[in-house]
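Here the protein sequences line up with chains A and B, keeping their order.
Position in the first sequence counted from 1, then plus 312, gives you my numbering.
Position in the second sequence counted from 1, then plus 653, gives you my numbering.
Ideal Cβ placement from N, Cα and C applies to all residues, glycine included.
As the structure is a computational prediction, the values presented were derived from the model and not from experiment.
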Amino acid sequence: MFLFPKFYEMKKLHLGIHLFGLTAVNKGLGQMTRKRILIHILDYKKLVKEESKKMSMPTIPPEPHRPDLGEVMIDLLESIALEEIALSHIMNAEAEKIQAFVGECLDFPTNPSNHEIVKFNKGVNRLLETIVMKEWLLLKKLENVIDICDFGNHCPKPPKVKCKCTHCCIACLVCGVPKCQCRCKHSKNKKHDDC
Amino acid sequence: MDEKTPEELAHELLSSAFTFEKALVHYVRSFCTLIECELDSGNEESIGKTIATLIKQINELQYLISRKILMLSEYSNEYEFHSLYLDYKEYENGVLLETIEQIYSLSKKCCLSDFIRVQLRDDVLKLGGTLKEQQKMVQSYKVHKNDLQTIWRAF
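Structural data, given as structure tokens:
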């Protein structure tokens with residue numbers, strides 16, 4: 313942040329010295345003085361170059377823990393979920409704002425003029441427009457993250473449980489639960505536990 | 654801290670998508686009330702355009718949500734997905750389409766060009782189609798409705 317003023321100050325100084333150097337050369341000073349001035353100019357040019365280099369390359373503070381790809385992906389996916397929840401909170405708040413504007417008895421308790429109602433309408437529409445845009449961005453972000461991390465390959469789908477026993481869809485007479493799921497005392501099909 | 658599994662993340666994302674859908678339903682209902690009150694107070698001119706924009710944007714939002722849910726359903730646990738849907742359905746229960754139809758019927762009272770009217774009708778039909786598609790997709794998960802695991806996770 314503090315680089316900017318420093319840089320501009322130096323630029324000014326550099327310009328001043330450069331001009332001074334030129335005028336000094338033009339006015340026909342001694343050779344030694346001219347050399348000294350040129351050395352100063354070169355020194356300042358070097359400094360300015362260094363400063364400009366510093367500006368173009370941002371310095372990232374050292375961190376004790378740099379996350380790996382997996383952690384970054386998890387953070388990104390979590391951020392998408394959190395952003396979506398934040399958006400839903402905003403929508404809920406806007407809905408409550410509308411309800412407050414209309415009033416419980418639907419009589420506009422603040423007695424707004426027509427112009428105010430139209431303005432309110434526009435505001436509500438603008439918010440929805442912003443939310444649509446944000447949703448598009450979130451969807452694109454999600455697509456990109458899924459593409460990068462190959463989300464699906466690491467996600468084992470649960471094996472589909474198939475019941476091997478016959479008549480498994482008949483409910484237990486005591487508890488009404490299908491036989492293969494029944495764990496009650498009276499069920500005769502205790503051996504169905506593993507299906 | 655334990656790392657989250659992809660399945661857990663997908664579940665989190667799905668639940669946020671359903672939360673958003675719930676918020677959308679709440680919003681649309683409130684907006685419908687606002688439009689009704691505005692019509693009563695005699696602001697027909699500005700409402701027509703508002704309704705057209707609103708339905709278009711809600712249609713787009715619903716499409717985006719459905720696309721996201723479809724994408725995530727591939728990675729999530731079927732039981733969890735269905736329990737989330739059941740929870741949402743209990744809240745929504747066809748209210749969104751009903752409200753949109755109501756808003757569309759209110760638009761008939763406003764002064765609108767024929768072109769915008771046709772567009773409005775198309776948007777409402779599209780929305781219905783998107784909702785039906787979403788329902789169809791969830792139908793495939795209904796097999797697990799009576800599964801104990803689904804019932805437990807729903808609570």
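Cross-chain neighbours of residue i in chain B, by beta carbon under 9 Å
{"i": "A:S391", "result": "Here the premise fails: no neighbours, minimum Cβ distance about 11 Å."}
{"i": "A:I410", "result": "Y680, S683, F684, T686, L687"}
Residues that residue i contacts on chain A, provided the C-beta gap is smaller than 9 Å
{"i": "B:Q710", "result": "N437, L440, E441, I443, V444"}
{"i": "B:N696", "result": "N426, I429, V430, N433"}
{"i": "B:S760", "result": "Under the 9 Å cutoff, chain A gives no residues; its nearest Cβ is about 14 Å from B:S760."}
Cutoff 8 Å: residue i Cβ touching any chain B Cβ
{"i": "A:N456", "result": "no"}
{"i": "A:E428", "result": "no"}
{"i": "A:N423", "result": "no"}
{"i": "A:P471", "result": "Residue confidence for A:P471 is low, a pLDDT of 44 falling below 50, so the modelled location carries little weight; the figure read from the coordinates is stated next. False, the Cβ-Cβ gap to chain B never drops below 8 Å."}
Chain A contact for residue i (CB, 8 Å cutoff)
{"i": "B:S793", "result": "no"}
{"i": "B:K789", "result": "no"}
{"i": "B:H679", "result": "yes"}
{"i": "B:S669", "result": "yes"}
{"i": "B:F684", "result": "yes"}
{"i": "B:F768", "result": "no"}
{"i": "B:T706", "result": "yes"}
{"i": "B:T672", "result": "yes"}
{"i": "B:E656", "result": "yes"}
{"i": "B:E750", "result": "Here the sequence assigns Leu to residue 750 of chain B, which means Glu is not the residue at that position. It does not; no Cβ of chain A falls within 8 Å."}
{"i": "B:L662", "result": "yes"}
{"i": "B:R774", "result": "no"}
Where residue i meets chain A, residues with beta-carbon distance less than 7 Å
{"i": "B:T703", "result": "N433, N437"}
Given residue i as reference, the closest of the options once Cα atoms are compared
{"i": "A:N423", "options": "B:K702, B:C690, B:H735", "result": "B:C690"}
{"i": "B:S669", "options": "A:S400, A:G435, A:S425", "result": "A:S400"}
{"i": "B:G695", "options": "A:H427, A:N437, A:I443", "result": "A:H427"}
{"i": "A:E416", "options": "B:H664, B:S683, B:H679, B:T672", "result": "B:S683"}
{"i": "B:M790", "options": "B:L759, B:Y738, B:L773, B:V771", "result": "B:Y738"}
{"i": "A:N437", "options": "B:E754, B:L687, B:K761, B:I769", "result": "B:L687"}
{"i": "B:E751", "options": "B:L778, B:C763, B:Y728, B:E727", "result": "B:L778"}
{"i": "B:Q792", "options": "B:F768, B:Q755, B:K762, B:S726", "result": "B:S726"}
{"i": "A:N404", "options": "B:S699, B:H679, B:H664, B:L666", "result": "B:H679"}
{"i": "B:E708", "options": "B:Q787, B:V748, B:S760", "result": "Checking the sequence, you will find Ile at residue 708 of chain B rather than Glu. When only C-alpha atoms are compared, the closest one is B:S760."}
Under 7 Å from the C-beta of residue i: neighbouring residues of chain B
{"i": "A:E447", "result": "L714, L717"}
{"i": "A:E406", "result": "Y680"}
8 Å Cβ cut-off: residues of chain B touching residue i
{"i": "A:L354", "result": "Simply none; closest approach about 55 Å."}
{"i": "A:L359", "result": "Residues of chain B passing the Cβ test: none, with the nearest at roughly 47 Å."}
Proximal residues of chain A, C-beta to C-beta of residue i below 8 Å
{"i": "B:T783", "result": "Here the premise fails: no neighbours, minimum Cβ distance about 14 Å."}
{"i": "B:E691", "result": "I429, N433"}
{"i": "B:E665", "result": "L389, E390, A393"}
field: Under 9 Å (Cβ pairs) to chain B, residues found in the segment 372 to 403 of chain A
entry: For the segment 372 to 403 of chain A, which is checked against every Cβ of chain B, the residues closer than 9 Å are G382, E383, M385, I386, L389, E390, I392, A393, L394, E395, E396, I397, L399, S400, H401, I402, M403.
query: Taking Cβ-Cβ distances below 9 Å as the criterion, which residues of the segment 715 to 740 of chain B are in contact with chain A?
result: Flagged, chain order: L717, I718, R720, K721, M724, L725, E727, Y728, S729, N730, E731, Y732.
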